[in-house]
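Worksheet: the structure to be examined is printed underneath.
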Amino acid sequence: MEKKPVKITETILRDAHQSLCATRMRISQMLPQLEALDNVGFNALEAWGGATFDTCLRFLGEDPWERLDTLKAHLKKTPIQMLLRGQNLLGYNHYNDDVVRAFVRKASEHGVKVFRIFDALNDITNLRTSIDEALHCKEHPHVQGCLVYTISPFHKNETFVELARQLEKMGCHSICIKDMSGLLKPYVAEDLVKKLKAAVKIPIELHTHYTSGFGSMTYMKAVEAGVDIIDCALAPFANDTSQPCTETMIETFAGTPFDTGLSRKELIPISQHFAKVKADLIKEFNLKGYFDVNPNVLDFQIPGGMLSNLVNQLKDAHMEDKYQDLLDEMPRVRADVGFPPLVTPSSQIVGTMATMNVISGKRYAMVPKEFKDLARGKFGHTPKAIDHDFLTNTLKIKDEEIITDIAKEDAKEKTVAQFREDLVKKGFKNPSDEDVLSFALFPQVALDFFYQRPMVEPPKGIKIVKPAFTQTAGRKGWK
Ligand code: CO
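What follows is the structure, given as structure tokens:
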């Protein structure tokens, strides 16, 4: 058989600790092994995304742009990959095209070499601007378009193949099957990969989570069917709600036509380091750090990263006993709102609605604004049209509030210049482009972070919500 080495993208610096340790890994905990990771020969190192950006500012006292600079300085050979939510960027809103383009350009300048771009609703309108901008960055990053994988009566493998065709036509360099909740079963993966390989010429990458227990089997069938790249996590941060294990995959394909050419032995010291990091994080942030396999994720479909947060939130609220009720309510709410794939931000929006339904005991008695926005089309088209009676009677949305042209809606959002002006009004005379973008994405969190920097005191009357972080990564905290 002809040799067809499978490539591995390593997620230890992003998804792995997001899924198992609430995204709390610091740059200082990555630094000792960056050179070693760079030398392994990975296809890419996933290192940046919405949760990493948010957590840096909110909990770790790290500037996410500086983290990216540090990564770039140490990763000379392996491309840095980021996960971008199309028109949502890394935040929870839709942004003006102007902000989307500025953000993509800055991220590329700071060292992102692979843009993995997705939209929670697989609505191609939401992917156009960011893909276009990434394709035109002067650093020539690799641009990957995603199929956000989900199961519903409105999704078939053919649905995803059609989307892949469109992404290829838009100029994407590769396609990622993004299976954020581990829903992709081995034989379904085989069929999907075969159909994709027949339909598009660009490489196919597969990203899964082990939540339901399919991970390794799914990768094996997908690799046999011709998938080009698989996303894996080093042993200490592998499996559970994270990715299948890098070392296991290397050994699985060793000596076969799919041999990765990577060395498991070379990974031993790296994994030893991260095993200690994991133990430290679990202790410091009082995390659970492990998750039981749960095939019922096929019904509730909560992504790995969110499941770990949800468990911790319920624990904090002393509501662990409501966990199962919540998981049962999720698919019902999802069906009501047109079967969106559940991934940020739709996962949080559906999750919050389901939580409120369970707590109040009366469904849709209180409806958060974001849920109404999802229902009235502010994030794009849902896979199934939402029942009109549900929109108007249950959610009390008026006909004129229903959005049909989302691009027109996005154009009403603030521009970079307007965000800059807002930041100046908050007391920052000459903010950097990076600070303006951080502020655009996470306004209050970014402000609190900026005011903690040395020598910057908030103007009188500006209220600071003190962040939860205690260590400020070498910065002197503002008192
Ligand atoms: Co993931």
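Counting in this note's numbering, the sequence shown runs from 30 upward without gaps.
Backbone N, C-alpha and C fix where the C-beta goes; we use that ideal spot for every residue, glycine too.
Short Cβ contact (9 Å threshold) for residue i with residue j
i                 : j                 : result
tyrosine 239      : glycine 211       : yes
alanine 45        : phenylalanine 243 : no
arginine 114      : isoleucine 146    : yes
valine 222        : alanine 254       : yes
glutamate 138     : methionine 111    : no
cysteine 50       : isoleucine 311    : yes
alanine 404       : valine 445        : no
alanine 163       : leucine 466       : no
aspartate 148     : asparagine 186    : no
threonine 40      : cysteine 274      : no
threonine 81      : glutamine 58      : no
threonine 289     : proline 34        : yes
threonine 107     : alanine 136       : no
threonine 158     : valine 177        : no
alanine 218       : alanine 251       : yes
lysine 317        : lysine 344        : yes
phenylalanine 329 : proline 360       : yes
aspartate 269     : valine 322        : yes
leucine 196       : leucine 156       : yes
Same chain only: Cβ atoms within 6 Å of residue i, ignoring 5 sequence neighbours per side
i                 : result
isoleucine 435    : Thr154 and Gly409
asparagine 386    : Glu358 and Arg392
methionine 209    : Pro332 and Val372
proline 17        : For residue 17 there is no data in the structure shown, the boundaries of the chain being 30 and 508.
aspartate 354     : Val387
phenylalanine 314 : Arg53
valine 362        : Val379, Met382 and Ala383
methionine 30     : Pro286
lysine 407        : Ile432
leucine 100       : Ala76 and Ile109
valine 133        : Ser159, Glu162 and Ala163
phenylalanine 400 : Ile378 and Met382
lysine 454        : none
aspartate 257     : Pro232 and Ile233
Neighbourhood of residue i by C-beta, 7 Å cutoff - its chain only, sequence neighbours within 5 removed
i                 : result
leucine 225       : Val190, Ala193, Ile204 and Ile233
methionine 484    : For methionine 484, the predicted model reports a pLDDT of 43, less than 50, meaning its position is unreliable and no value from the coordinates is stated.
leucine 291       : Ile37, Val69, Gly70 and Ile279
cysteine 201      : Ile160, Val172, Gln173, Gly174 and Ile231
phenylalanine 471 : Asp83, Leu86 and Gly120
phenylalanine 419 : Asp365
lysine 398        : none
histidine 236     : Cys205, Ile206, Lys207, Asp208 and Asp260
threonine 423     : Tyr393
valine 526        : The structure shown does not extend to residue 526, since the chain is modelled only from 30 through 508, so no value can be given for it.
Where the beta strand (DSSP E) through residue i begins and ends
i              : result
alanine 76     : 73–77
valine 141     : 141–146
histidine 171  : 171–177
lysine 207     : 203–207
glutamate 234  : 233–236
glutamine 110  : 109–113
aspartate 269  : Note, aspartate 269: premise wrong, no beta strand (DSSP E); not H, not E.
isoleucine 415 : Careful: isoleucine 415 lies outside any beta strand (DSSP E) and carries neither H nor E.
aspartate 260  : 258–261
The alpha helix (DSSP H) enclosing residue i, as first and last residue numbers
i              : result
glutamate 39   : From DSSP, glutamate 39 is part of no alpha helix (DSSP H) but of the beta strand (DSSP E) over 36–39.
histidine 103  : 93–103
isoleucine 378 : 375–389
isoleucine 311 : 293–313
aspartate 451  : 445–454
isoleucine 21  : The displayed coordinates of the chain run from 30 to 508. Any statement about residue 21 would go beyond what the structure contains.
isoleucine 432 : First-last for isoleucine 432: undefined, no H or E at that position.
valine 326     : 326–329
alanine 65     : 63–69
lysine 595     : With the chain covering only 30 through 508, there is no way to say anything about residue 595.
leucine 49     : 44–50
serine 245     : 244–253
lysine 425     : Where lysine 425 is concerned, there is no enclosing alpha helix (DSSP H), given that its DSSP letter is neither H nor E.
asparagine 186 : 186–198
Beta-carbon contacts of residue i that lie in its chain and below 8 Å, excluding the five residues immediately before and after
i              : result
threonine 421  : Lys427 and Asp428
leucine 327    : Ile180, Leu212 and Ser241
aspartate 464  : Leu452, Phe457, Ala475 and Phe479
aspartate 98   : His139 and Gly140
histidine 302  : Pro61 and Gln62
glutamate 91   : Arg55, Ile56, Cys85 and Ala502
glycine 78     : Arg43, Asp44, Gln47, Met111, Leu112, Leu113 and Leu119
isoleucine 460 : Going by the sequence as given, residue 460 is proline instead of isoleucine. So the qualifying residues of the chain are Arg449, Leu452, Val453 and Phe468.
Legend entry - Three or more C-beta pairs below 8 Å linking the segment 86–95 and the segment 463–478: yes
Legend entry - Segment contact, 8 Å Cβ cut-off, at least three pairs: the segment 340–360 with the segment 115–125: no
Inset, instruction - Taking 8 Å as the threshold, find out whether the segment 437–446 comes into contact with the segment 51–70 through three or more Cβ pairs. - result: no
Legend entry - Residues surrounding the ligand CO [beta-carbon distance to nearest heavy atom under 5 Å]: Asp44 and Met209
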